[in-house]
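Numbering (my numbering), first residue to last: 1 to 729.
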């Protein structure tokens, strides 16, 4: 059409409108959904309209009430229990402050770029993980299903940890705390301390015996622990009520669940810094051990922590981002959330080691007191000479420095007989070097430290309420990673699906509240997510960069953001991130192969942990978890590749992609005017969203066909239009 000919343009527009009327008059009456869609004629000179603009789907899709609510949701999902009980352990184990260097480098190489990628595809396509990867390539649609399976596996045991936190929270409203002292056992003749507690500690005994009532092996079920069953039910009820209305209900809860942990961490930090010995813990924490930083294991563990800290591959990031407006600055969101996550980990590390430094100081004082009494006894018995002891030493009020001075003197003088004296070196560093993580940190080490706090019940309530909120924030994102893709794909009611999902998860989760349930939590944590998620994220990177096309993706980002992203992301996505992810996958497989598969069982008689290998059936379960999580990828690929499912009109499997739109291959419509518009409602079209419909009629062409949504809009276009070259896809 000549650009300057208004007459020709008006005639063509009138012809197009008449064509629309003729087509709709012959449309099948059952296609009500299609009739509701907006029919507009687009000026050819006008910029292509994005899929979201002017569409009914956009109006129907829920949206965040504010940008703050969205950021809090992403922060709540990414900041979880791992920031509190995993990052401090890795930091201490892998070189102290020096560990922050590889962590920051890997955050910039794989963390922020891949987080940005997931935010961008979710916001661009406005669907959950299944819809996103189906849209990019139907053959890779299994990526979304794999993400849902992994989310479900993780949700099963993650909510159990929230249940444990609820139990401790409920037990914190008493003074003294129930894990403050070992219980006494009475028999007919006398009263004595519980032997299992006496051999370990009060907090260790309470965790294993009172809370978990743990069995001695994985094979010994021992029946349900009713206390934990009730707590698990309460945890799932909380999740269900918060998620039943989608982001309309969970978004409001984010204001509390995401912000409250920061209030608690700051309170703990201030209180911890006022405790005796806290500075020793922080100094020990951040003393860099540069020689450790160069070990490959440190970089592997840092990469793994970056990967899981941001929630990559779960689908929750994509799901939350899909409720954004198209022009939202997702690059700013990616950088902001990533660094909030990092600084939260550093803040939690400060808190943990301030408290552990206080605990180590108390234990060290007890050690000095006990060993000083031994030295006095040895002096009275004549095993040691008084001449060895410096004159300024006063054993009634001896300090740790004075004790270590006496200890070194005795060790030098009584070199051959020293071991028989039974004296111990009392060093704060030795206690701080006892690295603990996970449940050992939260439910044993930290709870023991809090028993020495003034007003310990208050701090216990705050701490476990913080754990509950951290867990719930991550659970909301995990469940959203399941619910949103299924609702988008299968068009089921979100309320019904949420209730069914929570009910099924609760009943399956009963295996985790048996007496042997803790061992199943360890199994699922080790095998259900690590390798499958790495494979999922690698495939996500390939799908966007290789199949969709990195140049096209960069153009989409420019169109969404209003500016071109840095070329840094281009090279990270295309070269560096895939290489680092493949190295991490290989390293994880090697590590898994070298580490004997097993778990630490609690032995009641000795009150110690003992490593047990998984039985044969346990190994089958471990392998099945990994296989089931990644199985949707090859299944969907083969189904699409071999056309095992009939692809009816409008299916993504049978469309060819044109620049700007998707054009369906021509079909024979001869003699059937009603088939000119296929009976597909907007909800059934696998394309993400609808823009302005475009009808074009070319004189003398008998064939017209439907086109699902493309890059900027949808339309009924001539399949043989010469002005639309094929894209790389």
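Just so it is clear, CB atoms sit at the ideal spot from N, CA and C, and this is done for glycine as well.
- DSSP lists 224 as the beta-bridge partner residues of residue 514.
- Counting every other CB atom within 10 Å of its CB across the protein chains shown gives residue 487 a total of 16 or more, marking it as buried.
- Listed as beta-bridge partners of residue 601 by DSSP are 610.
- Of the candidates 168, 429, 522, 522 places its Cα closest to the Cα of residue 619.
- For the pair residue 447 and residue 203, the Cα-to-Cα distance works out to about 7 Å.
- For residue 324, the CB contacts under 6 Å within the same chain, skipping 5 residues up- and downstream, are 123 in chain order.
- Within the region 454-494, the runs of alpha helix (DSSP H) at least 4 residues long that lie entirely inside it are, in chain order, 456-490.
- Look at residue 186 here: in three-state DSSP terms it is strand.
- In this structure, the alpha-carbon of residue 500 lies about 40 Å from that of residue 456.
- Apart from sequence neighbours up to five positions away, the residues of its chain that approach residue 191 with a beta-carbon distance below 6 Å are 184, ordered along the chain.
- The region 89-101 makes no contact with the region 511-527: fewer than 3 CB pairs, one atom from each, lie closer than 8 Å.
- In the three-state scheme derived from DSSP, where H, G and I count as helix and E and B as strand, residue 193 is classed as strand.
- Residue 146 is positioned such that its CB atom lies closer than 8 Å to that of residue 633.
- In the three-state reduction of the DSSP assignment, residue 180 falls in the coil class, being assigned neither a helical nor a strand state.
- Burial is judged here by how many other beta carbons sit within 10 angstroms of a residue's own beta carbon; residue 413 has fewer than 16 and is exposed.
- If you look at residue 171, you'll find it isn't in any alpha helix (DSSP H); DSSP assigns it neither H nor E.
- Here the alpha carbon of residue 591 sits roughly 45 Å from the alpha carbon of residue 406.
- Residue state for residue 362 is assigned as helix, using DSSP reduced to three classes.
- With respect to the 8 Å criterion, residue 231 and residue 166 are classified as neighbours on the basis of their beta carbons.
- In this model, residue 493 and residue 543 are separated by some 29 Å (Cα to Cα).
- Counting every other CB atom within 10 Å of its CB across the protein chains shown gives residue 387 a total below 16, marking it as exposed.
- DSSP places residue 389 outside any alpha helix (DSSP H), giving it a letter other than H or E.
- For residue 624, the uninterrupted alpha helix (DSSP H) segment begins and ends at 616-630.
- Take the alpha-carbon of residue 270 and the one of residue 308: they are about 29 Å apart.
- Contact annotation, residue 125 with residue 144: C-beta distance approximately 11 Å; criterion of less than 8 Å not satisfied.
- Taking the Cα positions, residue 409 is about 46 Å away from residue 189.
- For residue 411, the secondary structure class from DSSP, reduced to helix, strand or coil, is helix.
- Boundaries for residue 452: no alpha helix (DSSP H) harbours it, and the DSSP string shows neither H nor E there.
- For residue 334, the secondary structure class from DSSP, reduced to helix, strand or coil, is helix.
- Sequence-distant Cβ neighbours of residue 424 in its own chain, meaning closer than 7 Å and more than five residues away, are 367, 371.
- In chain order, 157, 218, 511, 512, 514 place their CB closer than 8 Å to the CB of residue 520, counting only its own chain and leaving out the 5 sequence neighbours on each side.
- In the DSSP annotation of this structure, the continuous segment of the alpha helix (DSSP H) that includes residue 93 starts and ends at 87-93.
- Distances from the alpha-carbon of residue 242 to those of 473, 173, 430, 288 put 473 closest.
- In the three-state reduction of the DSSP assignment, residue 328 falls in the coil class, being assigned neither a helical nor a strand state.
- Excluding sequence positions up to five before and after residue 431, its CB lies within less than 7 Å of the CB of 360, 363, 364, all in the same chain and listed in chain order.
- In the three-state DSSP reduction, residue 548 falls in the helix class (H, G or I).
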